[in-house]
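Have a look at the structure below, then the notes.
Numbering (this note's numbering), first residue to last: 91 to 931.
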């Protein structure tokens with residue numbers, strides 16, 4: 091299937107298309123809700139699916155949310171793909187509707203249009219006084235001043251919320267995080283109501299369509315090709331050191347397993363003609379449109395479901411269930427079922443695109459119920475033809491909301507939080523249902539009633555860990571700044587409660603509202619006995635501590651977990667303006683006199699931050715280390731590499747010195763061993779009367795993008811160096827060398843294939859055979875990384891350690907990702923040896 095990828099562009103593709111069109115031309119008519127119900131297959135016999143609403147009560151739904159009274163708010167994107175050409179997409183026909191269950195039987199009976207005349211609306215968050223509504227590009231606060239569920243006015247919150255406006259590549263979500271910020275997928279902005287106004291705040295970029303959080307408050311999201319990612323550290327905490335650029339902790343891929351198991355053919359998929367996309371029966375092999383993830387936090391299913399991640403795959407008409415496991419501060423996920431899915435349908439128009447929790451603890455499914463879900467600009471000729479032949483373009487404006495609930499169990503009566511006073515709502519912070527806890531927290535903060543403080547204290551002194559967690563974040567939302575209640579949280583038994591208390595306490599500490607002594611005493615007494623995640627939180631706030639204590643906990647943390655990239659980024663994020671002092675601290679410690687790869691990488695990162703800061707008083711002593719031969723040459727090399735990688739944060743960095751350093755006087759006299767590095771190092775600095783060194787056109791590094799190389803180095807040391815070594819030399823029992831490797835400096839497409847899917851041994855590198863036990867059985871896939879990150883790694887290793895190759899651009903990675911769709915196992919050298927590329931294309 092993969093032997094000659096150039097055939098992708100040639101006749102075999104036409105043969106495949108003709109075959110699929112001739113064999114799969116049967117129409118796929120819409121089913122009634124009752125008929126659709128029979129099409130579902132649920133993996134768990136104790137669960138069942140029920141209809142909540144269908145057309146005409148709901149049409150083209152893309153997102154839902156429940157309000158405090160259990161009313162269902164639906165975002166309807168009626169302008170999306172009204173015909174095969176995508177006509178009328180920008181017509182203002184989208185709307186927000188509120189659905190009502192008038193007889194409390196679990197099905198919606200009536201609807202009220204809250205807001206209409208919208209262009210491609212995509213997200214909603216019900217808030218006090220109305221709702222936040224994301225239209226195609228703008229974000230509005232739609233006000234309902236008289237409680238009739240009709241928006242009376244709208245206030246512009248962000249004119250650029252949606253970015254490009256492309257439905258699958260624009261901001262969406264409006265998910266209220268446990269920390270009281272509203273987060274979004276495909277966005278670098280979060281929102282919060284503060285001091286009578288909605289404010290926007292920069293944050294890390296996350297995901298593509300859909301976002302949620304778990305019981306610890308960690309955000310989860312995904313991309314159409316990678317089903318599950320998460321934050322392993324709190325938002326924005328790794329961004330606090332302006333001299334360091336983190337590359338871990340956020341957007342961490344939880345699973346490399348992309349396999350799916352549909353129960354019907356999926357020929358009407360945009361990549362259906364790509365070899366390897368479909369199996370012999372026409373079923374999609376791997377995720378093509380993963381979206382709408384949700385972590386189950388309800389109390390209706392068995393405990394085995396708590397914390398599980400559910401991911402929609404509308405192209406394959408299914409929902410996958412993943413089990414997430416926690417190990418220290420790391421998370422990983424695996425499929426709950428070996429060769430089947432949590433929910434699958436034989437109905438081709440079943441299009442689950444988002445999920446939502448409910449007041450009853452059930453899992454709610456937004457089913458767009460549409461024949462075409464591929465946005466017009468991305469539609470291939472193949473998909474267009476097969477869609478028309480099978481009449482998938484009509485009818486339009488259908489849609490269903492389903493829920494997964496428990497069989498043979500009396501529906502529990504959902505509490506109407508809207509009818510309660512704050513003194514009553516506070517009791518629901520410890521509910522067994524995550525939706526109820528979230529809603530109680532939101533309402534208490536919006537009410538702003540501080541008379542609940544005695545009740546909050548009682549919760550914090552109790553034994554309900556989830557209640558304590560939400561009580562703490564309620565205090566944060568109320569901007570309560572007295573130390574007493576947070577100190578109670580610090581002494582809880584549950585580590586996640588302690589983490590939240592530390593996080594909130596330290597944030598208010600920055601505002602000089604809470605005393606420092608209690609925090610320092612707590613960390614001194616508890617750091618060594620704390621679990622890894624709590625230790626991580628202590629290090630994150632250590633820049634607020636006295637220097638000695640901060641350095642002690644950071645050094646200990648590095649000693650315990652220094653081989654993990656997240657550990658290094660966490661420490662670096664807490665060191666702003668202390669990097670040089672910490673460098674000297676480490677150099678005074680005996681363990682840091684000995685070489686280890688972890689030590690080398692961290693000294694490199696410290697040196698990079700010192701260079702970006704640009705203080706001559708801190709840089710010159712490091713020059714002195716470089717210029718004087720010593721036993722610890724690895725320290726000198728790490729400093730040089732760190733200086734060179736400072737361009738990862740500032741591509742045009744130029745550091746001003748008062749005079750020419752002795753180091754460059756040395757290199758002028760013919761130091762050859764580091765000549766290449768000295769040329770680049772020299773270019774970072776300027777001084778009075780400096781004459782630029784001549785640059786050879788043969789020096790490929792000079793011509794390459796410095797920032798790209800620095801980013802590639804950063805990613806390389808985090809992801810590859812543990813097996814291949816910091817200098818690409820290879821490591822016995824782990825991986826072969828990259829230096830002078832024909833697999834690295836050869837065809838860039840093959841290198842992209844290896845990085846995307848991994849590679850199995852045995853392998854020949856530079857004339858030497860490598861196999862078990864000399865190397866590990868296989869190299870892992872980097873498929874969860876963005877194309878830009880893989881391209882940076884590839885470019886870096888092709889131009890380091892004496893290697894020389896042309897730059898690999900992200901579009902090459904994207905093209906290979908597309909062409910190798912369906913590859914779910916690592917490559918063998920024998921497979922790659924047979925691949926032939928048509929370079930004229």
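No residue lacks a Cβ here, since even glycine has one placed at the ideal position from N, Cα and C.
When 750, 708, 749 and 687 are compared, the shortest CA-CA separation from residue 728 is found for 687. Contact check for residue 732 against residue 693 passes: the beta carbons are separated by less than 9 Å. In the DSSP assignment, residue 164 forms a beta bridge with 154 and 187.
Secondary structure of residue 464 (DSSP, three-state): coil. Looking at the DSSP output, residue 424 bridges to 413.
A direct Cα-to-Cα measurement between residue 353 and residue 423 gives close to 23 Å.
Note: residue 776 is bridge-paired with 746 in the DSSP secondary-structure output.
A contact is defined here as three or more CB-CB pairs under 8 Å, and the region 824 to 839 meets this definition with respect to the region 852 to 862. DSSP, reduced to helix, strand and coil, places residue 342 within a strand of the structure shown. Sorting 490, 514 and 215 by C-alpha distance to the C-alpha of residue 543 places 514 at the top. By the Cβ rule, the region 606 to 623 counts as touching the region 631 to 651, because three or more pairs are nearer than 8 Å. When only Cα atoms are considered, residue 524 and residue 225 end up about 28 Å apart. Taking 9 Å as the cut-off, the Cβ atoms of residue 410 and residue 298 do not count as close.
Residue 813 carries a helical assignment under DSSP once its states are collapsed to helix, strand and coil.
In this structure residue 133 is not in contact with residue 585, their Cβ atoms being roughly 32 Å apart against a cut-off of 8 Å. Residue 315 sits in coil when the DSSP states are folded into three classes, being neither helix nor strand. Cβ contact annotation for residue 746 (same chain, cutoff 6 Å, sequence separation greater than five): 776, in chain order.
For residue 220, the uninterrupted beta strand (DSSP E) segment begins and ends at 220 to 224. The C-beta distance from residue 275 to residue 291 rounds to 16 Å, too long to meet the 8 Å contact threshold. From the listed residues 735, 723 and 712, the smallest Cα separation to residue 751 is found for 712.
Per DSSP, the continuous beta strand (DSSP E) segment holding residue 855 begins and ends at 853 to 855. When the five nearest sequence neighbours on each side are left out, the beta carbons in the same chain lying within less than 7 Å of the beta carbon of residue 890 are those of 818, in order along the chain. Looking at the DSSP output, residue 287 shares a beta bridge with 284. Note on residue 278: under 16 other CB atoms within 10 angstroms of its CB, so exposed under the neighbour-count rule.
A Cβ-Cβ distance of about 17 Å is found for the pair residue 255 and residue 214, leaving them out of contact under the 8 Å criterion.
For residue 560, the enclosing alpha helix (DSSP H) stretches over residues 555 to 567.
Residue burial annotation: residue 177 is exposed, with fewer than 16 other C-beta atoms found within 10 angstroms of its C-beta.
Secondary structure at residue 538: coil, using DSSP grouped into helix, strand and coil. For residue 377 and residue 359, the gap between their C-alpha atoms comes out near 11 Å. Between residue 531 and residue 563, the beta carbon gap of about 6 Å places them in contact (Cβ cut-off 8 Å). In the same chain as residue 673, and ignoring 5 residues on each side of it, the C-beta atoms closer than 6 Å to its own belong to 696, in chain order. One Cα belongs to residue 258, the other to residue 864, and the distance between them is close to 45 Å. Secondary-structure assignment with DSSP links residue 849 through a beta bridge to 869 and 917. With the rule of 3 Cβ pairs closer than 8 Å, the region 886 to 902 does not count as touching the region 335 to 354.
Judged by DSSP secondary structure, residue 246 falls outside any alpha helix (DSSP H) and instead within the beta strand (DSSP E) spanning 243 to 248. Looking at 273, 334, 289 and 285, the one whose alpha-carbon comes closest to that of residue 308 is 273.
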